[in-house]
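Novice:
2 protein chains.
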Amino acid sequence: MNKRSSGQSAHPPIRRQPDTSTANPRRQARGQRRIDQLLDAADTVFAEIGYERATTNAICAQAEVSPGTLYQFFPNKQAIAEALAARYLERLPETHRVAFDVASAHAPLAELISHVVDPFIALHRQGPGLEALWTGSVISDELIACVEGLKQHIEKSLAALFRARCPRANRAEINRAAATSVQIVNAFLHIAVTGAPKQQRDGTKELKTVLFRYLEPILGE
Amino acid sequence: MNKRSSGQSAHPPIRRQPDTSTANPRRQARGQRRIDQLLDAADTVFAEIGYERATTNAICAQAEVSPGTLYQFFPNKQAIAEALAARYLERLPETHRVAFDVASAHAPLAELISHVVDPFIALHRQGPGLEALWTGSVISDELIACVEGLKQHIEKSLAALFRARCPRANRAEINRAAATSVQIVNAFLHIAVTGAPKQQRDGTKELKTVLFRYLEPILGE
DNA sequence: GAGAAATGCGAGCTTTTATTCGTGAATAAG
DNA sequence: CTTATTCACGAATAAAAGCTCGCATTTCTC
Numbered sequence: 000m001n002k003r004s005s006g007q008s009a010h011p012p013i014r015r016q017p018d019t020s021t022a023n024p025r026r027q028a029r030g031q032r033r034i035d036q037l038l039d040a041a042d043t044v045f046a047e048i049g050y051e052r053a054t055t056n057a058i059c060a061q062a063e064v065s066p067g068t069l070y071q072f073f074p075n076k077q078a079i080a081e082a083l084a085a086r087y088l089e090r091l092p093e094t095h096r097v098a099f100d101v102a103s104a105h106a107p108l109a110e111l112i113s114h115v116v117d118p119f120i121a122l123h124r125q126g127p128g129l130e131a132l133w134t135g136s137v138i139s140d141e142l143i144a145c146v147e148g149l150k151q152h153i154e155k156s157l158a159a160l161f162r163a164r165c166p167r168a169n170r171a172e173i174n175r176a177a178a179t180s181v182q183i184v185n186a187f188l189h190i191a192v193t194g195a196p197k198q199q200r201d202g203t204k205e206l207k208t209v210l211f212r213y214l215e216p217i218l219g220e
Numbered sequence: 000m001n002k003r004s005s006g007q008s009a010h011p012p013i014r015r016q017p018d019t020s021t022a023n024p025r026r027q028a029r030g031q032r033r034i035d036q037l038l039d040a041a042d043t044v045f046a047e048i049g050y051e052r053a054t055t056n057a058i059c060a061q062a063e064v065s066p067g068t069l070y071q072f073f074p075n076k077q078a079i080a081e082a083l084a085a086r087y088l089e090r091l092p093e094t095h096r097v098a099f100d101v102a103s104a105h106a107p108l109a110e111l112i113s114h115v116v117d118p119f120i121a122l123h124r125q126g127p128g129l130e131a132l133w134t135g136s137v138i139s140d141e142l143i144a145c146v147e148g149l150k151q152h153i154e155k156s157l158a159a160l161f162r163a164r165c166p167r168a169n170r171a172e173i174n175r176a177a178a179t180s181v182q183i184v185n186a187f188l189h190i191a192v193t194g195a196p197k198q199q200r201d202g203t204k205e206l207k208t209v210l211f212r213y214l215e216p217i218l219g220e
């Protein structure tokens, strides 16, 4: 059954398993372009029907590429989702830096909220698939852990911002407020990112209203 | 290829396709018990791994029943989810009746909130699978439409309650407040229903806090 | 008790979908 | 130009999952 058995005397034609790591030195520019193209396609397909219902063939079709090409760069379907998540992750620090700028800690509450919320909405608007990854990530344990860690991190940054604003406030209450705020933002993300432009604007505004009324008693005006 | 071709002269052994409609007059008590058993199993499995990852075999195993038996009562996997949704739907009017009791319209706001929210949390605690259906229902267009209709209905009932409380409030604002409130409750459902009892209690309390602060400027104390 | 219908079983059929393999063109290195 | 490597293809493979079929058993009706 071994297909290589006929030519044992010659150098065995070792099929090098494709190196899918991002740091492959031999990767050509063309390859990187294909990867981006495939990730874009996956982003679109995931956003449309979710990870589970997305077939590798559908991703290939969307990218106008054959299955063999896809598997040249990704060892399996799960790896596509993880690579896509990684690509989003790269953009996150910038968003994070802008959103949690300490300078805004003492601005009026409404301004502070906008300053934190807007960058995250903008991030989600960059790619339609982020929400699918963020919310319905029953994809792999690693990915779940990654997203969970991310939320924790955001929560901590938010708590730090709150503490900078109100140094003498109750610590437990601040932490709870941060967790709840993240929860609220998540709830409104979908409506604030998808749908008609007017809906998006209204949704965003309403989100900020909810946050303002919730946070005002804790953080003051 | 036709498996029945050998015995054409005899009465064709018509396999009556099993009647899966809920109103089958010939259904025996045993059959109804099996259906409930299968729905319970599906509820458990859906809650654990979600609809997509749930296999019919897993549901059969959970119900300790063979695949043939499952397909005696359900034409396909999708129908299981729909039947489960229908079973929850049956319980909804009662919840609805209790929650939107007009008598509570003029109670203090905190009381009103508890009166509306608690029955819904109780409903979700009855079966772990409701949340999977409610939130991640990328199952079928019908089911999506059904859940969407349900949310609309709840929204309208809530708006009616708000209007009963504040007859002279701005109509558009009331509707918006109802929609937002539903959104907020949804966001907290998971945490208020799953997890450790303490988490559930804390989550529920926090949910009510958010609602209170959001609604207070609109509905008054 | 006898016939008919409902229920129950589980091996296996069918479809779907992830993944591979042989081949060959494009590209980089020497 | 020659050679090694990457990139690309798409039919073929294989595993998974949905679903069926013939037959056995139970229950209902008369």
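Protein chains in written order, with numbering that gives the first Met the number 0: chain B, 0 to 220; chain Y, 0 to 220.
Built from N, CA and C at the ideal position, the CB exists for glycine as well.
#1: Hey, how far is the Cα of Y/Asp35 from the Cα of Y/Arg86?
#2: State the DSSP-derived secondary structure class of Y/Ala195, mapped to helix, strand or coil.
#3: Under a CB-based cut-off of 8 Å, is B/Tyr213 close to chain Y?
#4: In three-state DSSP terms, what is Y/Phe119?
#5: With a 10 Å radius around its C-beta and 16 neighbouring C-beta atoms as the bar for buried, classify Y/Ile143 as buried or exposed.
#6: Against chain B, does Y/Pro196 count as a neighbour if the rule is that its beta carbon must be under 8 Å from one of theirs?
#7: Check whether the Cβ of B/Leu111 lies closer than 8 Å to any Cβ atom in chain Y.
#8: Can you give me the start and stop residues for the alpha helix (DSSP H) that B/Arg86 sits inside?
#9: Evaluate B/Leu157 with the Cβ neighbour count: other Cβ atoms within 10 Å of its Cβ, from every protein chain shown; 16 or more gives buried, anything less gives exposed.
#10: Taking Cβ-Cβ distances shorter than 7 Å, what residues in chain Y pair up with B/Ala186?
#11: Which class does Y/Thr134 belong to by DSSP, given the choice of helix, strand or coil?
#12: Scan the segment 43 to 61 of chain B for residues whose Cβ lies nearer than 9 Å to a Cβ of chain Y and list them as they occur along the chain.
#13: Quick one: is Y/Glu220 buried, meaning 16 or more other Cβ sit within 10 Å of its Cβ, or exposed?
#14: In three-state terms, what does DSSP make of B/Thr54?
#15: Going along chain Y, which residues have a C-beta under 9 Å from B/Val137?
#16: Considering Y/Pro66, what are the terminal residues of the alpha helix (DSSP H) in which it resides?
#17: Measuring only the C-alpha atoms, how far is B/Leu188 from B/Lys155?
#18: Within 8 Å (strictly less), CB to CB, does Y/Arg175 reach chain B?
#19: Going along chain B, which residues have a C-beta under 8 Å from Y/Val209?
#20: Just mark Y/His105 as buried or exposed, buried being the case when its beta carbon has 16 or more other beta carbons within 10 Å.
#21: Which residues in chain B sit within 7 Å of Y/Pro216, going by Cβ to Cβ distance?
#22: For B/Gln27 and B/Phe211, what's the separation of their Cα atoms in angstroms?
#23: Can you list, in chain order, the residues of its chain with a C-beta nearer than 6 Å to that of B/Pro12? Leave out the 5 residues immediately preceding and following it.
#24: So, at 8 Å on beta carbons, what are the nonlocal neighbours of B/Ala131 in its own chain, with the 5 sequence-adjacent residues on each side left out?
#25: If we count the other Cβ atoms within 10 Å of its Cβ and call it buried at 16 or more, is Y/Ala195 buried or exposed?
#26: Just the Cα atoms here: how many angstroms apart are Y/Val184 and B/Gln71?
#27: Expressed to the nearest angstrom, what Euclidean distance is found between the alpha-carbon atoms of B/Gly30 and B/Arg90?
#28: For chain Y, check one thing: does any of its Cβ atoms lie closer than 8 Å to the Cβ of B/Ala9?
#29: Counting C-beta neighbours from all protein chains within 10 Å, is the total for Y/Lys207 16 or more, i.e. buried, or is it exposed?
#30: Report the rounded CA-to-CA distance for Y/Ser5 versus Y/Pro66, giving the unit in angstroms.
#31: In the structure shown, what three-state DSSP assignment does Y/Asn169 receive?
#32: Counting Cβ pairs, one atom from each stretch, are 3 or more of them under 8 Å apart for the segment 163 to 174 of chain B and the segment 102 to 117 of chain B?
#33: In the DSSP assignment, find the alpha helix (DSSP H) that holds B/Glu154 and state where it starts and stops.
#34: For Y/Leu37 and Y/Pro127, what's the separation of their Cα atoms in angstroms?
#35: B/Gln198: buried (16+ other C-beta within 10 angstroms of its C-beta) or exposed?
#36: What residues in its chain sit with their C-beta under 8 Å from that of B/Ser139, if we drop five residues either side in the sequence?
Specialist: Taking the geometry as given:
#1: In this structure, the straight-line span from the alpha carbon of Y/Asp35 to that of Y/Arg86 is close to 9 Å.
#2: Y/Ala195 sits in coil when the DSSP states are folded into three classes, being neither helix nor strand.
#3: For B/Tyr213, a Cβ of chain Y is located within less than 8 Å of the residue's own Cβ.
#4: Judged by DSSP in its simplified three-state form, Y/Phe119 adopts helix.
#5: It is exposed - the Cβ of Y/Ile143 has fewer than 16 other Cβ atoms within 10 Å.
#6: Among the CB atoms of chain B, none fall inside 8 Å of the CB of Y/Pro196.
#7: Interface with chain Y (8 Å Cβ-Cβ cutoff): B/Leu111 is excluded.
#8: 76 to 98 is the span of the alpha helix (DSSP H), which, as asked, contains B/Arg86.
#9: Its Cβ being crowded by 16 or more others within 10 Å, B/Leu157 is buried.
#10: Simply Gln182, Ile183, Asn185, Ala186.
#11: In this structure, Y/Thr134 counts as coil in the three-state DSSP scheme.
#12: Cβ contacts with chain Y: Ile48, Gly49, Tyr50, Glu51, Arg52.
#13: Result: exposed.
#14: DSSP, read as helix, strand or coil, puts B/Thr54 in coil.
#15: Residues of chain Y whose Cβ lies closer than 9 Å to the Cβ of B/Val137 are, in chain order, Ile48, Gly49, Glu51, Arg52, Gly135.
#16: 66 to 72 is the span of the alpha helix (DSSP H), which, as asked, contains Y/Pro66.
#17: So the alpha carbons of these two residues sit roughly 20 Å apart.
#18: Chain B, which has a Cβ nearer than 8 Å to the Cβ of Y/Arg175, makes this yes.
#19: The answer, in chain order, is Thr179, Ile183, Val209, Tyr213.
#20: Counting Cβ neighbours within 10 Å, Y/His105 comes out exposed, since fewer than 16 surround it.
#21: The contacting residues are Arg212.
#22: In a straight line, the C-alpha of B/Gln27 is about 50 Å away from that of B/Phe211.
#23: Summary for B/Pro12: the model assigns pLDDT 43, below 50, so the residue's position carries little reliability; its value from the coordinates is reported in the next sentence. Residues of the same chain with a CB within less than 6 Å of the CB of B/Pro12, apart from the 5 flanking positions on each side, do not exist.
#24: Within the same chain, Cβ atoms closer than 8 Å to the Cβ of B/Ala131 are found at Phe45, Ala46, Gly49, Tyr50, the five residues on either side in sequence being excluded.
#25: Only exposed fits Y/Ala195, as fewer than 16 other CB atoms lie within 10 angstroms of its CB.
#26: Their Cα atoms are separated by approximately 45 Å.
#27: Rounded to the nearest angstrom, the two C-alpha atoms are 21 Å apart.
#28: Residue placement at B/Ala9 is flagged as unreliable, the pLDDT there being 39, under the threshold of 50; a coordinate-derived value is accordingly withheld.
#29: Residue burial annotation: Y/Lys207 is buried, with at least 16 other C-beta atoms found within 10 angstroms of its C-beta.
#30: Low confidence applies here, because Y/Ser5 scores a pLDDT of 37, under 50, leaving its location unreliable; read the following figure in that light. Going by the C-alpha atoms only, they are around 28 Å apart.
#31: Coil, per DSSP.
#32: At 8 Å Cβ cutoff, the stretches touch.
#33: 140 to 164 is the span of the alpha helix (DSSP H), which, as asked, contains B/Glu154.
#34: About 15 Å.
#35: So B/Gln198 ends up on the exposed side.
#36: Gln77, Ala80, Glu81, listed in sequence order.
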